[in-house]
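Participant: After the structure tokens below, expect a handful of questions from me.
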Amino acid sequence: MSYVSIFMQYVGQYMKTRLTYRTDMIVEIFSDLLFQAVNLVFILVVFGHTKLLSGWTKDEIIFIYGFFLIPFAVFSTFFNIWDFNERYIVKGELDRILTRPIHSLFQVILERLELESMFGVITGLVVMVYAGQNLGLTIEWYDPVLFLLFVLGGSLVYAGIFISIATISFWSDSRTAIMPMMYNIGNFGRYPVNIYNQIIRFVLTWILPFAFVGVCPAAFFLGKTDWYLYAFLTPVMGIAFFIFSIILWNIGVTKYRGAGN
Amino acid sequence: MSNLMIDVDNLTKEFKSHSSRSGLKGAFRDLLTRNYTVHQAVDSISLKIKPGEMVGYIGENGAGKSTTIKMLTGILTPTAGNVRINGMNPHKERERFVKTIGVVFGQRSQLWWDIAVQESFRLLKKVYNVSDEDYKSHMGLVIEALDIAPLLDKPVRKLSLGQRMRCELAAALIHNPPLLFLDEPTIGLDVLVKLKIREFLKELNDRYQTTVVLTTHDLTDIEALCERVIMLDEGKIIYDGALSQLKTSWGEGKQIQFHFTSPKTREELLETTGSELVVWEPSENANSWTANVTNDEEVISVLIKDVVADHKILDLKLLETSTEEIIRNIYEEGVIHG
Numbered sequence: 102m103s104y105v106s107i108f109m110q111y112v113g114q115y116m117k118t119r120l121t122y123r124t125d126m127i128v129e130i131f132s133d134l135l136f137q138a139v140n141l142v143f144i145l146v147v148f149g150h151t152k153l154l155s156g157w158t159k160d161e162i163i164f165i166y167g168f169f170l171i172p173f174a175v176f177s178t179f180f181n182i183w184d185f186n187e188r189y190i191v192k193g194e195l196d197r198i199l200t201r202p203i204h205s206l207f208q209v210i211l212e213r214l215e216l217e218s219m220f221g222v223i224t225g226l227v228v229m230v231y232a233g234q235n236l237g238l239t240i241e242w243y244d245p246v247l248f249l250l251f252v253l254g255g256s257l258v259y260a261g262i263f264i265s266i267a268t269i270s271f272w273s274d275s276r277t278a279i280m281p282m283m284y285n286i287g288n289f290g291r292y293p294v295n296i297y298n299q300i301i302r303f304v305l306t307w308i309l310p311f312a313f314v315g316v317c318p319a320a321f322f323l324g325k326t327d328w329y330l331y332a333f334l335t336p337v338m339g340i341a342f343f344i345f346s347i348i349l350w351n352i353g354v355t356k357y358r359g360a361g362n
Numbered sequence: 038m039s040n041l042m043i044d045v046d047n048l049t050k051e052f053k054s055h056s057s058r059s060g061l062k063g064a065f066r067d068l069l070t071r072n073y074t075v076h077q078a079v080d081s082i083s084l085k086i087k088p089g090e091m092v093g094y095i096g097e098n099g100a101g102k103s104t105t106i107k108m109l110t111g112i113l114t115p116t117a118g119n120v121r122i123n124g125m126n127p128h129k130e131r132e133r134f135v136k137t138i139g140v141v142f143g144q145r146s147q148l149w150w151d152i153a154v155q156e157s158f159r160l161l162k163k164v165y166n167v168s169d170e171d172y173k174s175h176m177g178l179v180i181e182a183l184d185i186a187p188l189l190d191k192p193v194r195k196l197s198l199g200q201r202m203r204c205e206l207a208a209a210l211i212h213n214p215p216l217l218f219l220d221e222p223t224i225g226l227d228v229l230v231k232l233k234i235r236e237f238l239k240e241l242n243d244r245y246q247t248t249v250v251l252t253t254h255d256l257t258d259i260e261a262l263c264e265r266v267i268m269l270d271e272g273k274i275i276y277d278g279a280l281s282q283l284k285t286s287w288g289e290g291k292q293i294q295f296h297f298t299s300p301k302t303r304e305e306l307l308e309t310t311g312s313e314l315v316v317w318e319p320s321e322n323a324n325s326w327t328a329n330v331t332n333d334e335e336v337i338s339v340l341i342k343d344v345v346a347d348h349k350i351l352d353l354k355l356l357e358t359s360t361e362e363i364i365r366n367i368y369e370e371g372v373i374h375g
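Protein sequence lines correspond, in order, to chains A and B. Each position in the first sequence, counted from 1, maps to that position plus 101 in my numbering. Each position in the second sequence, counted from 1, maps to that position plus 37 in my numbering.
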């Protein structure tokens with residue numbers, strides 16, 4: 102399929118330019134690592150004061166965090182579109198995108214690739230293995246398959262939410278603080294949602310379903326049977342939200358007004 | 038099936054924008070109810086362009102040129118009207134349609150900033166799915182004609198504007214489209230590069246019968262390339278026809294500029310020439326006046342004879358109205374006569 106080969110072309114080109122700015126890449130990976138370390142320390146600090154958090158132990162929370170890092174890394178690699186409004190709408194870069202014979206969103210994704218974010222997958226796996234060993238978890242034959250399915254679902258949930266928010270720019274090109282806010286709300290998903298109050302819990306499950314990026318799928322591997330239903334909903338939610346966002350995008354493109362002159 | 042390249046019927050684009058009220062009180066009222074003003078950027082225009090034509094699309098800033106081009110290239114969705122280009126509807130079949138057009142926006146780069154020009158070309162070749170043979174035979178010619186071979190391994194950000202523009206043009210032609218849109222392609226370029234680009238476009242048109250739609254503020258581009266001009270004002274077409282006809286129907290007058298040895302008043306001059314056939318206008322200083330007359334040998338000869346007989350002159354110049362002036366006159370009067 103030609104989309105795959107175009108994707109490979111872009112990745113090749115990306116590598117070439119990135120490798121010429123090697124220090125940039127190292128600094129970026131390092132700052133990502135530092136950011137993740139700070140989050141871990143925060144979890145450790147909380148558990149310095151208590152043994153359980155709404156029934157979750159320290160290692161379980163760390164395990165959820167580790168899992169969360171993986172779909173988040175996939176999302177950051179491909180859907181790094183937080184500056185979509187400024188770059189493509191205000192500056193009118195979308196004009197160029199729209200004169201090329203490939204789906205506009207696919208082009209935006211290709212241009213905003215950030216492959217070094219994939220490093221987060223390794224960090225996530227390390228954290229999960231560490232926490233998993235402390236918890237004495239065992240791996241069944243179907244676990245890797247489900248793991249991939251859940252990661253994919255979680256990434257699509259994230260992508261769906263952020264694409265939907267990006268499409269707001271098609272209707273209103275004023276700058277909003279909604280993207281950074283969404284990043285913060287996204288971070289809620291890496292803790293078990295039952296530590297929050299009813300309303301936040303509902304929002305994180307059904308409206309901005311960040312719960313499906315972290316706690317829901319991770320709970321399956323922790324063997325929390327009362328979460329199984331939610332865990333298996335992960336791919337469903339992912340696909341549903343992603344399709345919804347694509348439809349929204351396709352409608353939005355017809356409302357594009359072009360950069361003002 | 039029509040054999041038109043571009044067939045546009047009653048094309049309209051409205052932009053809705055809210056106008057804010059003044060003052061703090063106004064700002065609060067804006068929160069509740071908004072005043073919308075509808076602005077007709079393009080107001081039911083119709084035009085037909087045949088394959089192989091080179092058409093100049095001109096108008097002042099904000100006349101709706103870019104909006105039209107953006108609708109014709111499938112970037113903007115029209116509010117009303119029909120567009121068929123190459124037998125396709127640009128915004129409905131966007132991905133199929135854009136394979137048949139090339140677009141150059143003078144103020145916006147199509148190329149990737151950080152990578153070498155040829156890498157950009159390679160990506161575009163993939164994007165447009167151009168075969169190796171087609172690329173080699175066609176782009177070889179383009180690269181040679183635009184003289185960009187030495188630039189191919191440089192990153193775009195290191196190129197001068199003229200170099201970049203030539204590369205942009207080449208990039209827009211990678212898939213050898215039958216239709217080319219150029220939006221201000223020569224903006225900010227020096228004369229040599231302009232000439233090169235014009236020459237290239239002519240060659241392209243000769244060789245492949247490429248249809249070209251060109252918007253520009255530089256009328257010399259249009260004079261050099263286009264037989265037909267379409268003129269736009271406030272979203273409406275006010276002229277669509279041959280450039281030569283525009284010149285004959287508007288540029289029928291001649292101007293004769295006299296430099297006298299001493300200051301003259303209009304009355305003195307009118308005494309000499311009468312007011313029936315000539316309109317006098319003061320020029321740079323009190324000593325110089327310009328006579329506007331019809332382009333008629335008899336009238337011009339008599340005028341010069343009369344003036345020279347009555348007044349001492351230092352210098353005399355015969356001027357023909359330039360296209361630029363014609364266009365300015367048209368915009369000042371807002372209508373086309375004749």
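Cβ atoms here follow ideal geometry from the backbone N, Cα and C, with glycine treated the same way. Here the structure is a predicted model, which is why all the values come from computation and not from measurement.
Would you check if the distance between the CB atom of K291/B and the CB atom of V330/B is smaller than 7 Å?
Facilitator: In this structure, V330/B lies closer than 7 Å to K291/B by Cβ.
Participant: Relative to chain A, which residues along the region 52-68 of chain B have a C-beta separation below 9 Å, given in chain order?
Facilitator: If the cut-off is 9 Å between Cβ atoms, the region 52-68 of chain B has F52 near chain A.
Participant: Quick one: is K117/A buried, meaning 16 or more other Cβ sit within 10 Å of its Cβ, or exposed?
Facilitator: Classification of K117/A: exposed, given that the 10 Å Cβ count is below 16.
Participant: Leaving out five residues before and five after V252/A in sequence, what residues of the same chain have Cβ atoms less than 6 Å from its Cβ?
Facilitator: Taken in chain order, the residues that qualify are I171, P172.
Participant: Does the beta carbon of E97/B sit closer than 7 Å to a beta carbon anywhere in chain A?
Facilitator: Closer than 7 Å: no.
Participant: Exposed or buried, H374/B, counting other C-beta atoms within 10 Å across all chains shown (16 or more means buried)?
Facilitator: Its pLDDT being 49, under 50, H374/B is placed unreliably by the model, and the measurement read from it follows with that caveat. Flag for H374/B reads exposed.
Participant: So, does the CB of L188/B fall closer than 7 Å to a CB anywhere in chain A?
Facilitator: Answer no: the Cβ-Cβ gap between L188/B and chain A never drops below 7 Å.
Participant: According to DSSP, is N235/A helix, strand or coil?
Facilitator: Helix, per DSSP.
Participant: Can you confirm whether D151/B, when its beta carbon is compared against all beta carbons of chain A, has any partner nearer than 7 Å?
Facilitator: Taking Cβ atoms only, chain A reaches closer than 7 Å to D151/B, which makes this a yes.
Participant: Could you work out which residue in P214/B, L198/B, T298/B is closest to V230/B when comparing CA atoms only?
Facilitator: With distances taken between Cα atoms, V230/B lies closest to L198/B.
Participant: Could you check how far apart the C-beta atoms of P215/B and T252/B are, in whole angstroms? I think they sit under 8 Å.
Facilitator: Contact flag wrong, Cβ pair sits at about 19 Å.
Participant: V135/B by DSSP, collapsed to three states: which one?
Facilitator: Of the three classes helix, strand and coil, the one that applies to V135/B here is helix, per DSSP.
Participant: So, is G311/B buried or exposed, given that buried needs 16 or more other C-beta atoms within 10 angstroms?
Facilitator: Exposed, because fewer than 16 other Cβ atoms sit within 10 Å of the Cβ of G311/B.
Participant: How would you call M268/B, buried or exposed, if buried means at least 16 neighbouring beta carbons within 10 angstroms?
Facilitator: Counting Cβ neighbours within 10 Å, M268/B comes out buried, since at least 16 surround it.
Participant: What are the complete beta strand (DSSP E) segments, minimum 3 residues, inside the region 104-136 of chain B?
Facilitator: If we require 3 residues or more, the beta strand (DSSP E) runs fully inside the region 104-136 of chain B come out as 117-122.
Participant: Is V164/B close to chain A? Criterion is C-beta to C-beta, closer than 7 Å.
Facilitator: Judged by the 7 Å Cβ criterion, V164/B is in contact with chain A.
Participant: Answer with yes or no whether the minimum CB distance from L306/B to chain A is below 7 Å.
Facilitator: L306/B does not count as touching chain A.
Participant: Pop quiz: L160/B and V154/B are said to be a contact at Cβ under 8 Å. What is the actual Cβ separation, rounded to whole angstroms?
Facilitator: Contact flag wrong, Cβ pair sits at about 11 Å.
Participant: With DSSP as the reference, label V209/A as helix, strand or coil.
Facilitator: Reduced to three states, the DSSP call for V209/A is helix.
Participant: Going by the DSSP bridge assignment, what does H55/B pair with across the sheet?
Facilitator: Y73/B, per the DSSP bridge assignment.
Participant: Between T118/A and chain B, is the shortest Cβ-Cβ distance under 7 Å, so that the two count as touching?
Facilitator: So yes, T118/A belongs to the interface.
Participant: Checking contacts by CB at 7 Å: is T247/B closer than that to chain A?
Facilitator: It does not: the Cβ of T247/B has no partner Cβ on chain A nearer than 7 Å.
Participant: Do L262/B and M91/B come within 7 Å of each other at the CB atom, strictly closer than that value?
Facilitator: Closer than 7 Å, so yes.
Participant: Helix, strand or coil for R291/A? Go by DSSP, reduced to three states.
Facilitator: R291/A: coil per DSSP, three-state reduction.
Participant: Could you work out which residue in Y243/A, T121/A, V128/A, I163/A is closest to L141/A when comparing CA atoms only?
Facilitator: Looking at the Cα atoms, I163/A is the closest of the given residues.
Participant: So that I know if they touch, is there some Cβ in chain B lying closer than 7 Å to that of L145/A?
Facilitator: Chain B, which has no Cβ nearer than 7 Å to the Cβ of L145/A, makes this no.
Participant: By alpha-carbon positions, which one of T335/A, I223/A, T277/A ends up nearest to L250/A?
Facilitator: Of the listed residues, the one whose Cα sits closest to L250/A is T335/A.
Participant: Measure how close the beta-carbons of M280/A and W157/A come, nearest whole angstrom, since I'm counting them as under 8 Å.
Facilitator: That belief does not hold up - the Cβ atoms of M280/A and W157/A are roughly 30 Å apart, past 8 Å.
Participant: Express the C-alpha separation of I259/B and M38/B in angstroms, rounding to a whole number.
Facilitator: The predicted model places M38/B with a pLDDT of 45, which falls under 50 and marks its position as unreliable; any figure quoted below should be read in that light. The alpha-carbon atoms of M38/B and I259/B are separated by roughly 30 Å.
Participant: Taking only three categories from DSSP, how would you classify P319/B?
Facilitator: P319/B falls in the strand class under three-state DSSP.
Participant: Hey, out of F295/B, T49/B, N72/B, A279/B, whose CA is closest to S56/B's CA?
Facilitator: Selected option, being the one with the closest Cα: N72/B.
Participant: Can you give the Cα-Cα distance for V191/A and V354/A, rounded to whole angstroms?
Facilitator: Each residue's alpha carbon lies about 14 Å from the other.
Participant: Would you please verify whether the beta carbon of H112/B is less than 7 Å from any beta carbon of chain A?
Facilitator: A small correction: the amino acid at residue 112/B is Ile; His does not occupy that position in the sequence shown. Closer than 7 Å: yes.
Participant: List, in chain order, every chain B residue whose beta-carbon is nearer than 9 Å to that of R358/A.
Facilitator: By Cβ distance, chain B contributes F52, L113.
Participant: Please confirm whether H296/B and D220/B have their CB atoms less than 7 Å apart.
Facilitator: The answer is no: Cβ separation not under 7 Å.
Participant: With 16 other CB atoms within 10 Å as the buried threshold, where does N362/A fall?
Facilitator: The predicted model places N362/A with a pLDDT of 46, which falls under 50 and marks its position as unreliable, so this point remains unresolved.
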